[in-house]
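Asks: Residues in the sequence shown are numbered consecutively from 505, following this note's numbering.
Where is the CB? At the ideal position from N, CA and C, for every residue including glycine.
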Amino acid sequence: MEDLVQLADEQAAKAAASAHGRSAHLLIHDGPLRQTVIALTAGTALDEHNAPVAASLQVLRGRVSLTITGRREELSTGQLHPIPQERHGLLAHVDSVVLLTAVTN
505 MEDLVQLADE
515 QAAKAAASAH
525 GRSAHLLIHD
535 GPLRQTVIAL
545 TAGTALDEHN
555 APVAASLQVL
565 RGRVSLTITG
575 RREELSTGQL
585 HPIPQERHGL
595 LAHVDSVVLL
605 TAVTN
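1. Looking at the strands, I want to know which residues DSSP matches up with residue 593.
2. With distances taken from CA atoms, which of 513, 582 and 589 is nearest residue 526?
3. Which class does residue 510 belong to by DSSP, given the choice of helix, strand or coil?
4. Among 601, 571, 520 and 545, which one has its Cα closest to the Cα of residue 590?
5. Could you please give the first and the last residue of the uninterrupted beta strand (DSSP E) stretch that includes residue 540?
6. For residue 557, count the other beta carbons within 10 Å of its own beta carbon; 16 or more makes it buried, fewer makes it exposed. Which is it?
7. Mapping the DSSP letters down to three states, classify residue 562 as helix, strand or coil.
8. Would you check if the region 568-582 and the region 522-536 touch, i.e. whether three or more CB-CB distances between them fall below 8 Å?
9. Helix, strand or coil, according to DSSP, for residue 517 in the structure here?
10. Pull up the CB-CB distance for residue 619 and residue 541, whole angstroms please, since I reckon it's below 8 Å.
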């Protein structure tokens, strides 16, 4: 069993040390299910990309914007948001860690 608080701490430290300001750890890979802890430093973005079959984003710490086809949904610690099947991106307003749950195929 993984400790999400510890993983968030580890990934936040790796993101802070990274020249790109981000770090990710694949937590669960079970068939089509993927859960990934992603850390982003303040101002770091994940460029717009295609959505998986189904996905959600939970903010473990910080404040981020999920950008979906030109609009922004701002999320903060503890919030969970479904990711629609549209191109989307992610922007960290402050140092942040999120849990991405995705179903592929």
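Replies: On the basis of the supplied data:
1. 571
2. 513
3. helix
4. 571
5. 537-544
6. exposed
7. strand
8. no
9. helix
10. Because residue 619 is not part of the residues shown, which for the chain are 505 to 609, the question remains open.
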